[in-house]
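Residue numbers for the sequence shown follow the numbering used here, so the first one is 12 and each next one is one higher.
Each remark here refers to the structure printed beneath this line.
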Amino acid sequence: MNAKSSSNFSDSMALDALDPAESEMHARRLTMYSVNALRVAAGIEKIYVNHTAFAAGLRSLDRLFQLGTELSTPNGIRLIGPPGSGKTVLFQFFRDSLPRSSLFANSMGAIGLRVPKRPSSGLFVRELLRQLRYPFAGGSYKQLYERRHLVFEALRSNGTRLVWLDEAHHLLNKHSTKVLELEEHESIEFFRELMDECRVSLVLAGSSELDNLKSVAPHFCSRVAGRETLDPFAADVNWLGFLRAFAGQSVVFNVGLIADNAFGTLLHMATNGNLRTFKQLIVEAVLVAHDKADLALKRESFQQAFGLVFGQGSLRSNPFA
Numbered sequence: 012m013n014a015k016s017s018s019n020f021s022d023s024m025a026l027d028a029l030d031p032a033e034s035e036m037h038a039r040r041l042t043m044y045s046v047n048a049l050r051v052a053a054g055i056e057k058i059y060v061n062h063t064a065f066a067a068g069l070r071s072l073d074r075l076f077q078l079g080t081e082l083s084t085p086n087g088i089r090l091i092g093p094p095g096s097g098k099t100v101l102f103q104f105f106r107d108s109l110p111r112s113s114l115f116a117n118s119m120g121a122i123g124l125r126v127p128k129r130p131s132s133g134l135f136v137r138e139l140l141r142q143l144r145y146p147f148a149g150g151s152y153k154q155l156y157e158r159r160h161l162v163f164e165a166l167r168s169n170g171t172r173l174v175w176l177d178e179a180h181h182l183l184n185k186h187s188t189k190v191l192e193l194e195e196h197e198s199i200e201f202f203r204e205l206m207d208e209c210r211v212s213l214v215l216a217g218s219s220e221l222d223n224l225k226s227v228a229p230h231f232c233s234r235v236a237g238r239e240t241l242d243p244f245a246a247d248v249n250w251l252g253f254l255r256a257f258a259g260q261s262v263v264f265n266v267g268l269i270a271d272n273a274f275g276t277l278l279h280m281a282t283n284g285n286l287r288t289f290k291q292l293i294v295e296a297v298l299v300a301h302d303k304a305d306l307a308l309k310r311e312s313f314q315q316a317f318g319l320v321f322g323q324g325s326l327r328s329n330p331f332a
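Below, the structure is given as structure tokens:
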């Protein structure tokens, strides 16, 4: 073998120099923040704080997961909270922290679906088949409806114990006050059948509209009897405790400023205690501070971050100005 054939492989079109147009686009992508800043911000983004309501929700999910497939008695909860309160984050944290087990296939122990504004059982059948890696997930509405038993069999064979429905309040969308007690939406009927056939636990995550479930579908509601809430933080000791815990978990950048009580009050004014808004703001502030070569967050970091997150046309006043 000659020297050329024995050398490391290095010839690829993917390694060619960017053409001028691509080079300009690449430069634009990196104009705002450096790659290192993005890496640091990604570390901040991954911080989870196990605050009181989060811990209660997590305990409920752990309980439901343990009971799923073990008992014939249906089990489920409604997790209620406004947008940005941490419902989806709770499920992601729970799913990512599940241990490996021979009782369920890898990544199949808990499955999450998002309920569209116009739900149908066919859409859920297709999405479940896709997640369960069924080779033929498409088809007509009639074909998909008839495949629901394939979904049930696949869930059983994969050992799935818990199904999470995000934005589950959309399940109630097609009901009018005239027919609340006279009919059950096909999607609700599908999930009721799924719980009975597969003995999986079910979590309905969504807005306070889910409190109307009993009047819409009493038989289904009796299967998801539990109720947990995730609400925005009030401007009290719980908010300050959350900020201190968050600051204590940050190892990639010094965010200790947020643990200051007076600054915590400003943060609450900026976020209204909403966790998604808080995460957007602190991630942006870290990006700003990192690329200014600051060693820690400053008030100026948040002042600039607020304008970037909410835009120059925002109707909200900047509390850090």
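Glycine is no exception: its CB is placed at the ideal position from the N, C-alpha and C atoms.
What you are looking at is a predicted structure, and each value in this text was computed from that prediction instead of being measured.
query                                                                                                                                              : result
Over the uninterrupted beta strand (DSSP E) stretch that includes Asp271, give me the two end residues.                                            : No beta strand (DSSP E) holds Asp271; DSSP gives it neither H nor E.
Do the region 122-142 and the region 81-90 make contact, defined as three or more Cβ pairs closer than 8 Å?                                        : no
Alpha helix (DSSP H) containing Ser226: first to last residue?                                                                                     : 224-227
What do you reckon, are the CB atoms on Val227 and Leu183 nearer than 8 Å?                                                                         : yes
Would you call the region 207-221 and the region 257-269 in contact, with 3 or more CB pairs under 8 Å?                                            : no
How long is the line joining the alpha carbons of Gly79 and Gly54, rounded to whole angstroms?                                                     : 33 Å
Taking only the alpha-carbon atoms, compute the straight-line gap between Ile199 and Lys290 and give it to the nearest angstrom.                   : 34 Å
Between which residues of its own chain and Thr63 is the CB-CB distance below 8 Å, once the five residues before and five after are set aside?     : Asn249
With a 10 Å radius around its C-beta and 16 neighbouring C-beta atoms as the bar for buried, classify Arg111 as buried or exposed.                 : exposed
By the DSSP assignment, the beta strand (DSSP E) with Ile55 in it spans what residues?                                                             : No beta strand (DSSP E) contains Ile55, which is instead part of the alpha helix (DSSP H) from 46-56.
Quick check: Ala165 and Tyr145, are their CB atoms within less than 8 Å of each other?                                                             : yes
Considering only C-alpha positions, which residue in the set Val51, Ala66, Leu49 is nearest to Phe253?                                             : Ala66
Grouping DSSP H, G and I as helix and E and B as strand, with all else coil, what is Ala121?                                                       : strand
Taking Leu241 and Gly92 to be in contact with their CB atoms under 8 Å, please state how far apart those CB atoms are, rounded to whole angstroms. : 4 Å
Among Ala304, Leu69, Asp177, Cys209, whose alpha-carbon lies nearest the alpha-carbon of Pro94?                                                    : Asp177
Which class does Glu81 belong to by DSSP, given the choice of helix, strand or coil?                                                               : coil
Express the C-alpha separation of Gly284 and Ala245 in angstroms, rounding to a whole number.                                                      : 6 Å
Please report the distance separating the alpha-carbon of Asn159 from that of Glu204.                                                              : Here the sequence assigns Arg to residue 159, which means Asn is not the residue at that position. Answer to the nearest angstrom: the Cα atoms are 10 Å apart.
Helix, strand or coil: which one does DSSP assign to Asp207?                                                                                       : helix
Pro243 and Ser96 - do their beta-carbons sit closer together than 8 Å?                                                                             : yes
Name the DSSP beta bridge partners of Trp175, please?                                                                                              : Gly123, Val214
With a CB to CB cut of under 6 Å and the five nearest residues on each side skipped, what residues in its chain are close to His180?               : Gly217, Ser218, Glu220, Leu221
Does Val43 pass the burial test, meaning 16 or more other C-beta atoms within 10 Å, or should it be called exposed?                                : The question names Val, but residue 43 is Met in the sequence shown. Its Cβ having fewer than 16 others within 10 Å, Met43 is exposed.
Leaving out five residues before and five after Gly309 in sequence, what residues of the same chain have Cβ atoms less than 6 Å from its Cβ?       : The sequence given here has Lys at residue 309, not Gly. Cβ within range, chain order: n/a, list empty.
Return the CA-CA distance between Phe104 and Trp175, expressed in angstroms with no decimal places.                                                : 13 Å
To the nearest angstrom, how far is it from the Cα of Ile293 to the Cα of Gly324?                                                                  : 20 Å
Report the partner residues of Ala307 according to the DSSP bridge assignment.                                                                     : Asn265
How is Arg111 classed by DSSP in three states: helix, strand or coil?                                                                              : coil
What three-state label does DSSP hand Arg238 in the structure shown?                                                                               : strand
Can you tell me whether Gly68 is helix, strand or coil according to DSSP?                                                                          : helix
Ser187 by DSSP, collapsed to three states: which one?                                                                                              : Because Ser187 sits at a pLDDT of 40, beneath the cut-off of 50, its placement in the model cannot be relied upon, and the point is left open.
Nearest-angstrom Cα distance between Asn329 and Gly68?                                                                                             : 33 Å
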